[in-house]
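Residue numbers (the UniProt record's numbering): 1 to 758. Note that the Cβ used here is the ideal one computed from N, Cα and C, for glycine as well. Quick caveat: nothing in here was measured; it's all calculated off a predicted structure. Step one of this worksheet: look at the structure below.
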C-alpha cells in the first residue's frame, strides 16, 4: 500500500511590490479620472467570498489572478485578517470567566479531558502504525505529524460558545456542560500546543531562541497576573457604581492589547497569543468587561472576523487534491483527520452515558464537542503558512471544518430540544393542589422596582402555618461582557460562586418578608446572569426542579405616579412570551400600575380590595384558585365579578360550563372559609359593553385578577381582540393595562399550566 512522495520542482520567482501598497485596486481596466485619480474597486468587498475568490474557482484563472487577486491585495487583507483574529481572541479572553474552572463538576472535568486525551493517544498510535507499516514519509514529515495531530484534537472554547449561542441552548443543561467541558479541554490543548511550539523551535531554531521565546512567554504571563490584573481592578474601583468606565481607560487597554500582540509576534508566539492572555486579565462582566465588549464586539464580529475567514479560505486550493493519490503525507493526514474525529466523538459520548444521561442528549453533547470552527481554521491556516502541512492537506483540513460546522448544528437541533422536558405530563397548578398544601411560587425580579409589587402580591396570598407558601426568588441580570452564563444558588453560594456578591438588595428585601411571616413562608434565592433571550431556560428549569405551581413575571411596561407610561423593555416582553409558551406550571404576569408597587399596601389592619373578572375557562378557574387563598384574611375585600353573555349566546363547551359552576359555587353562596366575598353577575352583550363596564369599576380596587384566555372566543370579548396590543395579557388583561384607561389598580393575568393533552 506504500506509495512514493510527490516531488515538486521549485522555481525562483521575483515579485515587485510597491510601497506604500494601494488599499484599493485600480479596477479591471485601470480607468482614471481627468484628475489622475483611479476609479477603484475595493478589494475588501471583492474578497469576502473566500473559497470562490481563491485558487479553487475564480483565482484558478490567470485573468482573475493577475488583475483582481494580486499579491499586494492579499497581503493587505492578510494584515487586516491577523488584526481581526487578534481582536477576536482578545474579546473572547475578556468574556471568559476562569472562575468556571473552580465550579466545574466531575462530569465536565472528565468529559473535557477525555475529548482531548483519547483522540490524541489514538491518533499517535495510528500515526505510528501507518508510518511504520504502510507509508514512507521523510524525516521532516514524520516530525510534523504530531503537531497536526494536536490541532486535530482541539476542542476550542470559542467554537463551542458560538455554536451553543447559535443554537440558543447556552442556558440549557447541555449548554452549561458543553461550556465547562470546552473550557477544560481548551486549557489542556493550549498547554499541549505551547509544549509543541517549544519542541518545534528546539528542532528548527537555536537553543537561545527557544529559551528567549519560553522566557518571554512566561514573563509576559507573570506581568499580566502580577501587574495588569490588579490594574484592571484599580480601574473598576475608580468607576462609580452604575456609571460607565471612562473612555480613556478603555482606549489605553486597547492600545496595550495591540502592543502585547506585536510583542508576542516578535517572540514567536503569534499575534493573537498576547491579546488573548491580556483579555483573560480583564474581569468579566460589568463595568470593565462589558464596556470593552460594547466597544469592540460589533466591529470585530461583523467586520474584522469575516475578513479573517475570507483571507483563510482564499488559501484553499481544492485543485491540489489531484495529488492525493501520490502524496503519502496528505494520505496520512486524511486518515488521521477521520480517526481523530471519530475517536473524539466516541470519547465525548462515553462519560455522559456513564453518568446516565439520556442517549439523545449524550449524542448531542458529543457532536457539540466534536465540532470545528474559526479557531481550528486559524490553526490550520497557520500550519499551512509555515509549511507544517501541504496545500492538499490544508484542503482536507478545511473540508473537515466545513463539514462539521455545517452538519453539527443541524444534527444537534434535531436531537436536542430543551423545551421537551417542560412538557406538562403532571399537573403543577394551583387548581389541583390539595387543601392546605404548600403553595410554591417562583417570583422573577429584573430590578428593585419590581420587588414591592411582588411582595404585596405574596402577602395578599395569606401565608400562614396552615397554608404555607414556599417562595423561590430568581433575580435576572443581563449577561454583558461574559461568554458563559452564571447561575447562583445563594443557599450554596460559598460552594458555587466567586467572591463577587450578587443580589444583596433582593435577598435583604425578601428576608424581611420572611421574618414578618415567620413559620408561614420559606425562601430560596437564586441569581441568573444570562442573555435575555436565554433567561426563560433558567426560569423554567427552576420551576421544574422545585415543583413550582405558579411563576410570577413582571410586565415589561412601567408606569409613573401620574399614570403615564414611564418605560418599556422589549427584552422583558419577549422573555414573558417565551415563558408562557414553555412553562411547566401556571404563569402570572403582574402589571404594576403604581399602587401595588407602593410599600406596605397589605399592612396589618389596612384594607385591600381585590376583584376577579370571571368569564369562564381553565385560565379563569386557575385565577379563582389563587383568589381562594385570600379569603383567609379578613382585611382583604374580595369581589368575584362574573361576566355573563345574554341568554341566547353559548360561551364555551358544556363541560367547561359545569366546571365553572362547580368552582363558583362556594363564592356564589359565600361558603369560602372565614372570609366574606361579594359575588356579582353582570350580563353583557359584546366586547364594547364589557369595556364600558370595566372602565366603570377599575378605580374601585387595588388588584384585579383575570385569566389570560388566549385565543378563546366568547361573546363577552367579541370585537376587542382586534384592538389587543399585548396578546400575552389576553383580551381582558390587555384592556385593563391599556394607557387609555386611567386605572389605579394593578393587574395579575393568570395562565393555567399547558398540559400535553390540551
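Backbone secondary structure at residue i - three-state DSSP
{"i": "residue 476", "result": "strand"}
{"i": "residue 557", "result": "strand"}
{"i": "residue 135", "result": "coil"}
{"i": "residue 663", "result": "helix"}
{"i": "residue 685", "result": "coil"}
{"i": "residue 627", "result": "helix"}
{"i": "residue 284", "result": "coil"}
{"i": "residue 151", "result": "helix"}
{"i": "residue 668", "result": "helix"}
{"i": "residue 411", "result": "helix"}
{"i": "residue 295", "result": "helix"}
{"i": "residue 381", "result": "helix"}
{"i": "residue 640", "result": "strand"}
{"i": "residue 122", "result": "helix"}
{"i": "residue 17", "result": "Bear in mind that a pLDDT of 41 at residue 17, under 50, signals an unreliable position, so the number given afterwards is only what the model happens to contain. Residue state, collapsed to three classes: coil."}
{"i": "residue 610", "result": "strand"}
{"i": "residue 108", "result": "helix"}
{"i": "residue 552", "result": "strand"}
{"i": "residue 720", "result": "coil"}
{"i": "residue 267", "result": "coil"}
{"i": "residue 314", "result": "coil"}
{"i": "residue 507", "result": "helix"}
{"i": "residue 580", "result": "helix"}
{"i": "residue 469", "result": "strand"}
Closest residue to residue i among the options (Cα-Cα distance)
{"i": "residue 685", "options": "346, 148 and 716", "result": "716"}
{"i": "residue 318", "options": "307, 330 and 308", "result": "330"}
{"i": "residue 431", "options": "625, 157, 184 and 93", "result": "625"}
{"i": "residue 156", "options": "122, 566 and 373", "result": "373"}
{"i": "residue 709", "options": "617, 654, 655 and 743", "result": "617"}
{"i": "residue 285", "options": "266, 303 and 233", "result": "233"}
{"i": "residue 95", "options": "178, 241, 484 and 656", "result": "484"}
{"i": "residue 701", "options": "743, 707 and 732", "result": "743"}
{"i": "residue 519", "options": "486, 663 and 470", "result": "470"}
{"i": "residue 571", "options": "591, 531 and 538", "result": "531"}
{"i": "residue 387", "options": "200, 131 and 326", "result": "200"}
Beta bridge counterpart(s) of residue i as assigned by DSSP
{"i": "residue 751", "result": "587"}
{"i": "residue 397", "result": "BP columns for residue 397 are empty, so no partner."}
{"i": "residue 707", "result": "750"}
{"i": "residue 444", "result": "474"}
{"i": "residue 568", "result": "557"}
{"i": "residue 527", "result": "475 and 488"}
{"i": "residue 645", "result": "684"}
{"i": "residue 677", "result": "638"}
{"i": "residue 522", "result": "470"}
{"i": "residue 341", "result": "Residue 341 is not bridged to any residue."}
Sequence-distant residues of its chain with Cβ nearer than 7 Å to residue i (five each side left out)
{"i": "residue 602", "result": "Confidence at residue 602 is low in this model, with a pLDDT of 47, below 50, so the placement of that residue is unreliable and no value is reported for it."}
{"i": "residue 514", "result": "521 and 523"}
{"i": "residue 411", "result": "367"}
{"i": "residue 557", "result": "565 and 568"}
{"i": "residue 765", "result": "Absent from the structure is residue 765, since the part of the chain shown begins at 1 and ends at 758."}
{"i": "residue 540", "result": "422, 579, 582, 583 and 584"}
Cβ shell of residue i (< 6 Å), same chain only, five flanking positions each side left out
{"i": "residue 477", "result": "529"}
{"i": "residue 257", "result": "90, 275 and 278"}
{"i": "residue 509", "result": "451"}
{"i": "residue 678", "result": "639"}
{"i": "residue 660", "result": "616"}
{"i": "residue 227", "result": "none"}
{"i": "residue 305", "result": "84 and 88"}
{"i": "residue 107", "result": "355"}
Cβ-Cβ separation, residue j to residue i (assumed contact under 8 Å), whole Å
{"i": "residue 580", "j": "residue 728", "result": "6 Å"}
{"i": "residue 224", "j": "residue 281", "result": "5 Å"}
{"i": "residue 622", "j": "residue 586", "result": "6 Å"}
{"i": "residue 612", "j": "residue 583", "result": "Not quite, the Cβ-Cβ distance comes to about 21 Å (not below 8 Å), so this is no contact."}
{"i": "residue 393", "j": "residue 297", "result": "Actually they do not touch by this definition, with Cβ atoms about 34 Å apart."}
{"i": "residue 381", "j": "residue 444", "result": "Actually they do not touch by this definition, with Cβ atoms about 45 Å apart."}
{"i": "residue 287", "j": "residue 239", "result": "5 Å"}
{"i": "residue 747", "j": "residue 706", "result": "7 Å"}
{"i": "residue 629", "j": "residue 467", "result": "6 Å"}
Sequence-distant residues of the same chain with beta carbon closer than 8 Å to residue i, five excluded per side
{"i": "residue 123", "result": "149, 152, 153, 336, 339, 340 and 343"}
{"i": "residue 433", "result": "439, 549 and 625"}
{"i": "residue 126", "result": "335, 336 and 339"}
beta-carbon residue i near the ligand MN non-hydrogen atom, thresh 7 Å
{"i": "residue 590", "result": "This structure does not include the ligand MN; it has no bound ligands of any sort."}
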